[in-house]
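Chemist: This is the structure I have questions about; it appears just below.
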Ligand code: IPE
Ligand code: IPE
Ligand code: MG
């Protein structure tokens with residue numbers, strides 16, 4: 196079957212069923228995508244950004260509510276300085292070239308992760324993107340940047356400790372609901388699906404607390420090759436899963 200016809204059929208199926216509210220993606224495999232083509236890893240990262248642009252557009256088109264993408268982990272600082280700098284450069288280029296389009300499409304940008312380690316100029320640019328899009332009500336795009344699931348939980352603990360110390364809450368007030376409000380994901384539903392490309396079957400410190408009941412979906416495809424068709428496939432597979440949440 197013609198690829199476009201196939202995609203349209205998959206899309207129709209996706210739209211005829213209940214859409215997940217929140218999709219999270221670990222965009223892995225940029226380096227191996229490039230290596231397979233005898234190209235430097237940087238090219239893989241650049242193509243990875245293009246894949247992200249495509250997927251954000253598709254998510255907006257199908258009226259997904261929340262998309263969370265893992266762009267840089269707290270462990271990714273272990274990479275060579277050149278690669279880290281290149282990734283940050285790509286992030287800035289992404290915001291520069293896409294912000295107006297994202298805003299026009301009413302996409303709201305959030306940053307999940309400790310951005311205080313970035314240079315002032317990067318922090319300002321991130322802040323600007325968040326401020327500019329803050330009232331948008333279509334797709335909520337959470338960019339996980341210098342994000343770690345462990346760091347997220349520790350940040351929440353510290354925040355709650357301060358609230359207790361200031362007498363704003365009592366220790367017994369802390370329950371799952373209140374705890375969730377101190378995470379980067381505050382106010383948002385937990386992801387229904389976590390997609391990981393690149394062929395590895397691990398969480399790599401992504402949404403540790405929020406993924407308690409998330410359906411995991413893995414693909415061997417490297418992130419730069421991820422496309423609309425695979426996204427639809429993931430959503431349709433999710434629809435066929437029997438989510439019991441500990442029940443029968
Ligand atoms: C994901 O691709 C991008 C980031 C982690 C920033 P990788 O760079 O991890 O690609 P592989 O896993 O080495 O192929
Ligand atoms: C996960 O990919 C983090 C991001 C995609 C940003 P990694 O490439 O860092 O994960 P590991 O090293 O394979 O666990
Ligand atoms: Mg990787």
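Numbering (my numbering), first residue to last: 196 to 443.
Glycine included, each C-beta is placed from N, C-alpha and C at the ideal position.
1. From 332, 286, 297, pick the residue whose C-alpha is nearest to that of residue 310; which is it?
2. Would you say the beta carbon of residue 223 comes nearer than 7 Å to a heavy atom of ligand 2?
3. How about residue 377 and residue 389: are their beta carbons less than 8 Å apart?
4. Can you grab the Cα-Cα spacing for the pair residue 374 / residue 358, in whole Å?
5. Whose C-beta lies closer than 8 Å to the C-beta of residue 241 among residues of the same chain, with five residues either side of it excluded?
6. Compute the beta-carbon to beta-carbon distance between residue 228 and residue 412, rounded to the nearest angstrom, for a pair I have assumed lies under 8 Å.
7. Are the Cβ atoms of residue 333 and residue 302 separated by less than 8 Å?
8. Is residue 380 close to ligand 2? I mean its beta-carbon at under 7 Å from any heavy atom of the ligand.
9. Of the choices 200, 379, 271, 215, whose alpha-carbon is the least far from that of residue 222?
10. Give me the Cβ distance between residue 387 and residue 216, rounded to the nearest whole Å; I'm assuming they're in contact under 8 Å.
11. Touching or not, the stretch 237-256 and the stretch 423-440, by the rule of three or more beta carbon pairs under 8 Å?
12. Going by CA-CA distance only, name the one from 393, 435, 360, 439 that's closest to residue 239.
13. If you draw a straight line from the C-alpha of residue 208 to the C-alpha of residue 431, how long is it?
14. Please confirm whether any heavy atom of ligand 1 lies closer than 7 Å to the CB of residue 271.
15. Could you check which residue in 442, 355, 262, 279 has the C-alpha nearest to that of residue 372?
16. Return yes when the Cβ of residue 440 is within less than 8 Å of the Cβ of residue 341, no when it is not.
17. On the three-state DSSP scale, how would you describe residue 369?
18. So residue 491 is in the beta strand (DSSP E); what residue range does that whole segment cover?
19. For the beta strand (DSSP E) that contains residue 338, what are its first and last residues?
20. Starting from residue 305, follow the beta strand (DSSP E) in both directions and report where the run begins and ends.
Modeler: Short version:
1. 286
2. yes
3. no
4. 12 Å
5. 285
6. Contact doesn't hold; Cβ gap of about 19 Å is too wide.
7. yes
8. no
9. 271
10. 6 Å
11. yes
12. 393
13. 8 Å
14. yes
15. 355
16. no
17. coil
18. In the structure displayed, the chain extends from 196 to 443; residue 491 sits before or after that span and is not available.
19. 335-342
20. 303-307
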